[in-house]
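Remarks on the structure that follows.
In the working numbering, the protein residues as written are 414 to 889.
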């Protein structure tokens, strides 16, 4: 009756019978029998609501668990968007039918959209959720009329209405009390709920107002989606005069085939993403064993030296590592060591055994690719990618940081740790003119030789060539 009173736009309906085995028990993964006629979009018996188009209509294990619940009505989101009224995922309302023994024998399935009237009505007056809300208020055991009781009522009234329709009472109580505690100590928190049919994950993220902006929201969304192995299907921000901003993420996942992240680790990662760059940079310096008395001055000079493009690509911990290399570059220049560049070779966890990376640090203008690529080619390396970023420390000369992704055709035969430092020293020696760049430098990467050893072999080869004992280097 309430649904028909302009609270629901009906788009389809059909009756389904639950499959039973010979003993009268529900049979999971058995086909659902359908009535001969459906209405609206469910007139097509192949139209999917709770499953993907390629999957048969069966009593899934997730649906089987729902049958064990005493609730006669189930509300969930369908897996398809509406093409009328508004472009949103449709709402599924399943009303159980019961046999003479009180056991659910089937359901009448409605799909459509809750109307604006359904969302605007007070939660304490809305069927399907008013008893749930009343029970949560009672179980929370807050003194009637107290500050906490009023705040809890406000939390429940402003809770995402779709979530109120779908969430269980115990879960709602736990989350509502968690939100209540946040007002006493505002910080970044996550509250997650898995769709009972394992198609979506609902994530409520609370962020202190002073830390919230679109970039923070994007970073958090990416972290959450990656953690669940899914995608962001929708997100809804709520900004008010409260000290916390709420962002509701809906993460689409593949039923039965997605990771379940560690809640504590996920919340830690999200909290890190929600911190400002300066705050994260200072924390990274402390993790790098920088003394507390030095963190402030270093942050003042360097935290804002890293531009937006750099911060989008690298973490604060990577910036702290780069700072150490740039300090080494500056120190070499002050003592007249003649080091015009500093090189750091490394491997990322997702790089193949054929690949490694190196960063090139140089004061002044950026490094032309035409100066670097021939050196790499002489070492037998192929350059796959290059990224360059200017770093502008306060009151100091600009430094350019370039990252190169290299591929070594013989990389599987090498232990990267054995060639890392010889490569770094050889590149710097070539760049500074202390040795030549030619095919003999392949010995550095292929055998882990030092550049001086390669230079000695080069000298011996030229001697033998001049005496006529050996052909030219190109023939060798």
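Heads up, the beta-carbon is just placed ideally off N, CA and C, and yes, glycines get one too.
Model, not experiment: these values are computed from the prediction.
The DSSP-derived three-state label of residue 669 is coil. Looking only at 592, 532 and 505, the smallest Cα-Cα distance to residue 553 is reached by 592. A direct Cα-Cα distance of roughly 8 Å separates residue 807 from residue 713. Considered as a whole, the region 600 to 687 harbours 602 to 607, 613 to 621, 644 to 651 and 657 to 665 as its complete beta strand (DSSP E) runs of no fewer than 3 residues, in chain order.
Between residue 657 and residue 690, the alpha-carbon positions lie close to 20 Å from each other.
In this chain, the beta strand (DSSP E) harbouring residue 812 covers 812 to 820. Only residues of its own chain outside the window of five on either side were considered, and among them 518 have a CB closer than 8 Å to the CB of residue 512, listed in chain order.
The region 734 to 747 makes contact with the region 698 to 715, as at least three CB pairs between them are under 8 Å.
For residue 509, the enclosing beta strand (DSSP E) begins and ends at 502 to 511. Judged by DSSP in its simplified three-state form, residue 490 adopts strand. Residue 536 is not bridged by DSSP to any residue.
Judged by DSSP secondary structure, residue 800 falls within the beta strand (DSSP E) whose first and last residues are 795 to 804.
Between residue 666 and residue 642, the gap from beta carbon to beta carbon is short of 8 Å. Take the alpha-carbon of residue 524 and the one of residue 489: they are about 10 Å apart.
Assigned with DSSP and collapsed to three states, residue 766 falls in coil, not helix or strand. The beta carbon of residue 676 sits closer than 8 Å to the beta carbons of 603 and 605 from its chain, once the five residues preceding and following it are set aside; these are given in chain order. Spanning the alpha carbons of residue 630 and residue 848 requires a straight line of approximately 50 Å. For residue 422, the enclosing beta strand (DSSP E) starts and ends at 421 to 430.
Taking all protein chains shown into account, residue 664 has 16 or more neighbouring C-beta atoms within 10 Å of its C-beta and is therefore buried. Exposure of residue 880 is indicated by the presence of fewer than 16 other C-beta atoms within 10 angstroms of its C-beta. Annotation: residue 757 to residue 652 spans about 44 Å, alpha carbon to alpha carbon.
Judged by DSSP in its simplified three-state form, residue 713 adopts helix.
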